[in-house]
Amino acid sequence: MIEVINDEYYMDLAISMASKAIGQTGINPVVGCVITMDGSIVGMGAHLQRGEAHAEVQAVKMAGERTIGATAYVTLEPCSHFGKTPPCANLLIERGISRVVVAALDPNPLVAGSGIKVLQQAGIEVKVGVLEARAKKLNEIFNHYITTKRPFVTLKSASTLDGRLATKTGSSQWISGATARAEVHTLRHQHQAIMIGVNTLLQDDPSLTTRLEVEAKQPIPIIVDAKLRTPASAKVIQHSGQRAIVLTTEAASRDHEQQLQQYGVTVVRCGAGEQVDLHAAMQWLGEHEISSILLEGGGKLNGAMLQAGFVNKLVLYYGMKIVGGADSPALFDMAGVELMQDAYTLEEVEVAQVGEDIRIIGYPRYSSSQQ
């Protein structure tokens, strides 16, 4: 029993370190590693950015010569293949680690279990599954992307208690309080890109930047714009700190595309219909290594993404306000279901008070008919 408590304690520390890097590793996972010798921590590390040293490398470097006979706690199965860096499983073997505790296996079906096998063949004791659920949630973006090659989409929204994004005149500042609005910047930092529809762009002209007290990574702006109405003067093009991506259709203006391209905008034509083909769009984004998107759309884009089965997570802030009005924009503007049994439902729901507001986090469960 003492061993279990100690294993969970050190793995908790490794997970805590890894969590600090969420949003900074691109298509790579976030990983933490703790090395102990005789009950004392001798090395710690985390994978902070893509292409930089892995967590195990940093922990081993800190431990120095105190790795022979030590135990390594790693949040994700050590890699056994050559990528931008050498295999970490081999490093642990070379440095004389005698025991490795792993929280979760690599979700990639092509390599899952291979790192464990390499360690065991070298005579190292391996234990798998300590705080596994937390480790998997830590890498929910990576786990989704590596198995589907599509971005993990988090739908974030602030609405009134009656599910409205604004009043019937379009007034929306502010539905949520300062605490909730500040929290949103952390969400932006944790995602590679932010997606909005062209109507939101034209009405609000948002900058879509991340504003934190510490240096923050700026997400890539993605605009869904079927008729290519995005003006070159928009803040997301002129001041976002990243080159924007505009998703449009084959029928959109070629002349306006060239104008946007002069400002570094990537225009992607997705489908020949009147609306952007979201399936083609998500495939293109995945192929171009965008692993996560924070969806901050209006009701139509929210509804379209949900109906297409592309929303993986919802973070919904509810301000303690009721505005009413049949013409007030709704959180989801889509064809409603006919029967309650066909409603979209959420799993793993978390409810918390954030300042003056209520935050609900959940994961949509899709039936076969909803995808």
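Position 234, counted from 1, in the sequence shown is what full-length UniProt numbering calls 234; the numbers after and before it change by one each time, with no gaps. Cβ coordinates follow ideal geometry from the N, Cα and C atoms, glycine included.
Query: Distance, Ser253 Cα to Ala112 Cα; Result: 46 Å
Query: For Arg254, the three-state DSSP class (helix, strand or coil); Result: helix
Query: Element boundaries [alpha helix (DSSP H), containing Gly303]; Result: 299-307
Query: Cβ contact (3+ pairs, closer than 8 Å) linking the segment 160-178 and the segment 264-283; Result: no
Query: Nearest residue (CA-CA) to Ile220, options Met11, Ala335, His288; Result: His288
Query: Tyr363 (DSSP reduced to helix, strand or coil); Result: strand
Query: Through-space distance from Leu285 to Lys127, alpha-carbon basis; Result: 37 Å
Query: Spatial neighbours of Phe152 in its chain, beta-carbon cut-off 7 Å, leaving aside the 5 residues before and after; Result: Glu140, Ile141, His144, Tyr145, Ser291, Ser292, Asn312
Query: Ala178: CB within 7 Å of a non-hydrogen atom of the ligand SAM; Result: Absent from the structure shown: the ligand SAM. Ligands present: none.
Query: Inter-residue Cα distance where the pair is Met1 and Gly39; Result: Legend: pLDDT at Met1 = 40, less than 50; position of this residue unreliable, value from coordinates given subsequently. Taking the straight line joining both Cα atoms gives about 15 Å.
Query: Close Cβ partners of Gly303 (< 6 Å) along its chain, the five nearest in sequence each way excluded; Result: Phe332, Asp333, Met334
Query: Backbone CA spacing between Val170 and Gly32 [nearest angstrom]; Result: According to the sequence provided, residue 170 is Gly. The question's Val does not apply to it. Spanning the two alpha carbons is a distance of roughly 45 Å.
Query: Residue of Pro329, Ala308, Gln307, Glu296 minimising C-alpha distance to Leu316; Result: Glu296
Query: N- and C-terminal bounds of the alpha helix (DSSP H) containing Leu202; Result: 198-204
Query: Glu274 - DSSP class collapsed to helix/strand/coil; Result: coil
Query: Under the three-state DSSP convention, the category Tyr9 falls into; Result: helix
Query: Supposed close pair Ala59, Ala72 - CB separation, criterion 8 Å; Result: 7 Å
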